[in-house]
Amino acid sequence: MANRKNNQLLKILILAAIIIVIPILTPNMYIMQIINMICIYIILGTGINVLTGFTGQLSLGQAAFFGIGAYTAALMNTRGGMQFFLCLIGSVLLTAVFGVILAVPALKVKGSYLALLTMGFGEIVRIVMINWTPVTNGTAGILGIESPVIFGFAFDTLKKYYFLIMVFVVLGLLYQNVLIHTRTGRALVAVREDNEAAELTGIDVTRYKIKAFVLSAVYCGIAGCLYAMMIKYVSPDTFTNNVSSVILWTAIVGGFGTVVGPVLGGIIMQVLPEALRFLGDWRLVVYGVILLVVILRFPGGLYPYIQKFLEKRQSKKTAGIAAGKG
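Our numbering applies: residue 352 is where the sequence shown begins, and numbers increase by one.
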């Protein structure tokens, strides 16, 4: 037992060291921005993992919540002069409200109809962003968003901002890990497996589905606020249905219903397009083919297969040690 705890502590310390060292070793701001975008997409991927991976509610409208969070922070900061924490609270509250608004009609449909409903919601939000010019500034977007200042410390460079985003990445992953082991988490999984069976066991399916939508929206709201205050500019072009697809793929590629899946998916979905830039116009074709191969070869996502491989390797190592002692 003591060895097990020591091993876990060692892993945590190594992970913490890696997190701290990453910005120090990053050679330029271009790569640093990619790393920061990976972190933002980990938060987005974790949000849809709660909704689709754990609860089984397919959503293609996550970009809408992402955009609502970003625009809320942008407007509160540029027009209201509010600082980071107030902007974050505003983004969380407003996305939570819209999460309920979308969840209510979503309860009446499922499968492809649910996907179309959420996609339509995403498109409606984008159109509002474009046409509500007095508030959103239309296609020109909102400029002049200030960097966060917390207790007098300004997160005004990408390397400094990385640590702020990483705080929310760690908290988001920890909360997801705790959630899935609680009564609420088990209820969400039961809803995913079988609605009717869940109801027969006394689970309020409606309430838990709404909870999942709201929690997923809140994750997107946090990511939107962080994105807006990092880029210092928001526009409707950033929050299209294509972005919703990338968010969904982030969880699918990493592994739906796993805590680590969105981390792996976030890295792959952000690094792969940049690594393929040398292919020019063929980049997206090759990108699509690679994703298709991953889904066909690893239908549950990459992380479960990596986990099985590591467990098999560890069992062989343990067996080898036991045989050597014998």
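Note that the Cβ used here is the ideal one computed from N, Cα and C, for glycine as well.
Cut-off 8 Å between Cβ atoms - residues of its own chain near T423, not counting five sequence neighbours on either side: C438, G441, S442, L445, T446, G572, G575, C576
CB of Q704 within 9 Å of CB of A457, strictly: No information on residue 704 is available, as it lies outside the stretch 352 to 677 that the chain covers here.
Sub-9 Å separation of N593 and A414 beta-carbons: yes
Three-way DSSP call (helix, strand, coil) for I554 in this model: coil
Classification of P587 by the beta-carbon crowding that lies within 10 angstroms, buried from 16 upward: buried
Assigned secondary structure, I371 (DSSP; H/G/I helix, E/B strand, else coil): helix
Separation of M580 from V622, as counted between CA atoms: 22 Å
Coarse secondary structure for V636, derived from DSSP in three states: helix
Whether F564 touches I501 by CB criterion (9 Å): no
Classification of G404 by the beta-carbon crowding that lies within 10 angstroms, buried from 16 upward: buried
Buried/exposed call for P613, threshold 16 Cβ in 10 Å: buried
Buried versus exposed call for W633 [16 or more other C-beta atoms within 10 Å across all chains shown]: exposed
Local Cβ density within 10 Å of P499, reported as buried at 16 or more and exposed below that: buried
Neighbour-count burial assignment, N379, 16 or more Cβ in a 10 Å radius: exposed
When P650, L627, Y654 are compared against G616, the one with the closest alpha-carbon: Y654
DSSP state of F590 mapped onto helix, strand, coil: coil
Residue(s) in a DSSP beta bridge with A414: DSSP, once it has assigned bridges, lists no residue as partnering A414.
Exposure label - K668; buried when at least 16 CB within 10 Å: exposed
At least three beta-carbon pairs within less than 8 Å, the stretch 501-521 to the stretch 385-399: yes
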